[in-house]
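Asks: This is the structure, below, for whatever I ask next.
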Amino acid sequence: MENRTSGLQAAPVDTTSTTITIKGILSLLLQNVDENDGRRLISLGMGDPTAFSCFHTTHVSQEAVVDALQSDKFNGYAPTVGLPQTRRAIAEYLSRDLPYKLTSDDVFVTSGCTQAIDVALAMLARPGANILLPKPCFPIYELCSAFRHLEIRHFDLLQENAWEVDLDAVEALADHNTVAMVIINPGNPCGNVYSYQHLEKIAETAKKLRIPVIADEVYGHLAFGDKPFVPMGVFGSTVPVLTLGSLSKRWIVPGWRLGWFVTTDPCGMFRIPKVIERIKKYFDILGGPATFIQAAVPRILQQTEEAFFKKTLYLLKQSSDICCDRINEIPCLTCPSKPEGSMAVMVKLDLSLLEDINDDIEFCFKLVKEESVIFLPGTAVGLTSWIRVTFAADPSSIEEALRRTKSFYQRHARKL
Ligand SMILES: Cc1ncc(COP(=O)(O)O)c(C=O)c1O
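Here the numbering used here runs 380 ahead of the position in the sequence shown, where the first position is 1.
In C-alpha cells:
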C-alpha cells in the first residue's frame with residue numbers, strides 16, 4: 381500500500397530542542413491535577429487574562445464587532461492582506477508613536493500575532509540562514525524557526541541588567557547568513573520594558589550587522605513601571621523593523637485572532653516590489669482573521685477610551701506587585717527583577733532548598749498534583765531552574781496560589 385505520509389517524512393523538522401510549547405506543557409500539567417482535590421485549580425501558567433473576571437474588554441470593542449456582524453456587509457472574503465480600512469486604521473494607530481507616518485501598504489492583517497511571527501520567519505528563511513533569538517524567549521519563535529529550517533542562535537537577556545539584550549553576544553553570533561534578530565518588548569517571559577537608549581543601541585547594533593529587527597510588540601503599551609513603552613519602529617530610519625502585534629493583550633481579546641505584520645521601514649528596504657509581491661503571495665495562502673472582526677478594527681483603535689487602558693495598567697501593576705511580594709516570602713523563590721510590563725515574570729528557583737525536587741519541571745508537576753496550582757516551568761522558555769508566573773489574574777487568585785505554593789515549599793524544604 382502506498383505510504384501516504386512519505387511527503388511529510390521527506391521534510392523532517394528538527395524540533396528536538398523545541399518540542400516544548402507552552403500549550404503542550406500546560407496540557408500535560410493539567411493532566412496531573414488531583415481530581416480529589418476539592419479546591420479550585422488556579423493556573424498562572426498562560427497569558428490569557430480573560431480567564432479572570434477583573435480583566436474584561438471594552439464595550440466599544442464589543443459594540444464594534446456586533447455592529448460589523450449585524451451590518452451584513454462583512455460575511456464575504458476580505459482581501460488576503462486585510463480589509464483596506466483595517467490596514468489604514470492600524471497604520472494610523474501605530475504612526476501615533478512614530479516620527480514618520482506608516483501607510484496602509486505597510487500593514488498586513490494576520491490571525492493574531494502568532495501568524496505575524498510565522499509570516500516574518502517564512503519571509504526571511506532561505507537555505508543556510510540563521511536567526512538570533514533571545515534567551516529566554518517566547519517558544520513559538522523556536523518552533524516556527526524549526527519548521528522553516530532556520531538555524532537558531534541564542535543571545536542572552538541579562539537578568540542582572542533588567543533583562544537587556546546582551547549586544548556583545550549578538551555581534552559575536554551574527555554572520556553573513558543571519559537574517560534577523562528578534563526582540564520582544566514589553567517582554568514575555570521576563571516582564572521587562574526596554575528604555576529608549578537600549579532600543580537605540582539595539583538598532584545601531586543591527587544596523588552594523590546589516591540585519592533587520594523583528595520587534596514583537598504584542599504587549600505594546602502594557603508598561604506600568606518607570607519606563608514608557610517605546611516602539612522599535614522609532615528607530616526604523618536606522619534599521620528596518622518588522623513590527624508584530626495584535627489586539628490580543630491590550631484589548632484583552634486573544635480569542636479574536638486579530639493581529640498585524642508591519643514593515644516599519646521608512647527607508648523602504650522592504651518596499652522592493654519583489655519583496656512586497658512575495659509577502660502578498662504568502663498572504664494568499666493564509667486565512668486571515670474573520671472579515672467582521674477586521675471591519676470592527678477602525679472603531680476599536682479610534683474609540684477605545686483612555687480610562688480602559690489606564691484601568692488595565694492599574695490592575696496589572698497591582699497584581700504584579702502582589703505577585704512579587706508573595707513570591708519573595710517563599711524561601712526557594714525569588715523575583716530578581718520586578719516586572720515593568722507585559723503579563724508575566726521570571727522567578728528564580730533555588731533547588732538547593734528543596735529536598736526531593738530536581739528541576740523546574742518536577743517542581744511544577746509536583747505543585748499541580750499537590751496544590752492544584754499551575755506555573756510554567758522555565759525550561760519551556762529556555763531557562764532551567766526558573767519558572768514563569770503570569771500575573772494577569774485577580775489579586776485573590778494570586779494570593780491563594782502563592783499561599784498554596786508556600787505550604788508546598790514547607791513540605792518539601794530540605795531539612796538542615
Ligand atoms: C511574545 C508573544 N508573541 C506573540 C504572542 C501571540 O499573540 P496572539 O495571541 O495575538 O497570537 C504571544 C502570546 O502570548 C506572546 O506572548
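Note that beta-carbon positions come from the ideal geometry of N, C-alpha and C, so glycine has one too.
For the beta strand (DSSP E) containing G492, list its first residue and its last residue.
Replies: Careful: G492 lies outside any beta strand (DSSP E), inside the alpha helix (DSSP H) at 492-504.
Asks: Closer than 7 Å by C-beta to E580: which residues in its own chain qualify, once you throw out the five before and the five after it? Chain order, please.
Replies: For E580, where only same-chain residues beyond five positions count, the Cβ hits under 7 Å are F615.
Asks: According to the neighbour-count rule (16 or more other Cβ atoms, all chains shown, within 10 Å of its Cβ), is L552 buried or exposed?
Replies: The sequence given here places Ala at residue 552; Leu does not occur at that position. So A552 ends up on the exposed side.
Asks: Return the chain-ordered ranges of every alpha helix (DSSP H) run that is complete within the segment 574-630 and spans a minimum of 4 residues.
Replies: If we require 4 residues or more, the alpha helix (DSSP H) runs fully inside the segment 574-630 come out as 576-589.
Asks: Which stretch, first to last residue, makes up the alpha helix (DSSP H) that contains L463?
Replies: Element bounds for L463: n/a, residue is neither H nor E.
Asks: Whose C-alpha, out of R467, R533, T684, R679, is nearest the C-alpha of K515?
Replies: With distances taken between Cα atoms, K515 lies closest to R533.
Asks: Excluding the five sequence neighbours on either side, which residues of its own chain have a C-beta within less than 8 Å of the C-beta of T460, listed in chain order?
Replies: So the list reads K660, F663, D664, L666, G668, once near-sequence residues are dropped.
Asks: Which residue marks the beginning of the alpha helix (DSSP H) containing K453, and which one marks its end?
Replies: Taken as a continuous stretch (DSSP letters only), K453 belongs to no alpha helix (DSSP H), as it is neither H nor E.
Asks: Please go through the same chain and pick out, in chain order, the residues whose beta-carbon is closer than 6 Å to the beta-carbon of L482, but skip the five residues on each side of it.
Replies: Contacts found: A471, L474, S475.
Asks: Can you find at least 3 beta carbon pairs, one from the segment 542-550 and one from the segment 517-524, that sit closer than 8 Å?
Replies: In short, these stretches do not touch, since the Cβ pair count stays below three.
Asks: Here's the rule: buried if 16 or more other CB atoms are within 10 angstroms of the residue's CB, otherwise exposed. What is Y694?
Replies: Flag for Y694 reads exposed.
Asks: Mind pulling the alpha helix (DSSP H) runs of 4 or more residues that sit fully within the segment 391-450?
Replies: Within the segment 391-450, the complete alpha helix (DSSP H) runs of at least 4 residues are 402-410, 439-450.
Asks: Can you tell me whether G462 is buried or exposed, with buried defined as 16 or more other CB within 10 angstroms of its CB?
Replies: Its Cβ being crowded by 16 or more others within 10 Å, G462 is buried.
Asks: Would you be able to state if there are at least three C-beta pairs under 8 Å between the segment 737-752 and the segment 775-793?
Replies: Output reads yes: the segment 737-752 touches the segment 775-793.
Asks: With DSSP as the reference, label P507 as helix, strand or coil.
Replies: In this structure, P507 counts as coil in the three-state DSSP scheme.
Asks: Looking at the structure shown, is T558 part of a helix, part of a strand, or coil, going by DSSP?
Replies: DSSP places T558 in strand when its eight states are reduced to three.
Asks: What is the DSSP secondary structure of R791, counted as helix, strand or coil?
Replies: Of the three classes helix, strand and coil, the one that applies to R791 here is helix, per DSSP.
Asks: Given a cut-off of 9 Å on the beta-carbon distance, is the pair W640 and T438 in contact?
Replies: No, the Cβ-Cβ distance between W640 and T438 is not below 9 Å.
Asks: Leaving aside the five residues before and after S776 along the sequence, list all residues of the same chain whose C-beta is less than 7 Å from its C-beta, in chain order.
Replies: So no residue of the chain qualifies.
Asks: With distances taken from CA atoms, which of T671, E657, M612 is nearest T466?
Replies: Checking every option, the nearest Cα to that of T466 belongs to T671.
Asks: Are there three or more Cβ pairs, one per stretch, closer than 8 Å when the segment 600-610 is compared with the segment 445-457?
Replies: Counting Cβ pairs under 8 Å, fewer than three are found: no touch.
Asks: May I ask whether a heavy atom of ligand 1 can be found less than 8 Å away from the beta carbon of R637?
Replies: Yes, ligand 1 has a heavy atom inside 8 Å of this Cβ.
Asks: From G635 to I582, what does the alpha carbon distance come to, in whole angstroms?
Replies: Whole-angstrom Cα-Cα distance: 32 Å.
Asks: Express the C-alpha separation of V642 and S484 in angstroms, rounding to a whole number.
Replies: Distance between the alpha carbons of S484 and V642: 9 Å.
Asks: Is the beta carbon of P719 sitting closer than 9 Å to the one on S700?
Replies: Yes.
Asks: Where Q674 and Q495 are concerned, what is the direct C-alpha to C-alpha distance, given to the nearest angstrom?
Replies: Computed Cα separation, rounded: 15 Å.
Asks: List the whole-angstrom C-beta distance separating A500 from L530, where the pair is believed to meet the contact cut-off of C-beta under 8 Å.
Replies: The Cβ separation is near 11 Å, so there is no contact.
Asks: Can you find the residues in the same chain that come closer than 6 Å, C-beta to C-beta, to R637, ignoring five residues on each side of it along the sequence?
Replies: Answer for R637: S491, G492, P669, listed in chain order.
Asks: The alpha helix (DSSP H) spanning L747 covers which residue range?
Replies: Here the alpha helix (DSSP H) through L747 covers 740-751.
Asks: Using a 10 Å radius around the Cβ and a threshold of 16 neighbouring Cβ atoms, would you call L409 buried or exposed?
Replies: The residue is buried, with at least 16 neighbouring Cβ atoms inside 10 Å.
Asks: Quick one: what's R768 bridged to in DSSP?
Replies: Answer by DSSP bridge pairing, in chain order: M726, L756.
Asks: Helix or strand or just coil, what does DSSP make of W640?
Replies: Residue state, collapsed to three classes: strand.
Asks: Ligand 1 heavy atoms versus the CB of S797: any closer than 8 Å?
Replies: The question about residue 797 has no answer here: the residues shown for the chain are numbered 381 through 796.
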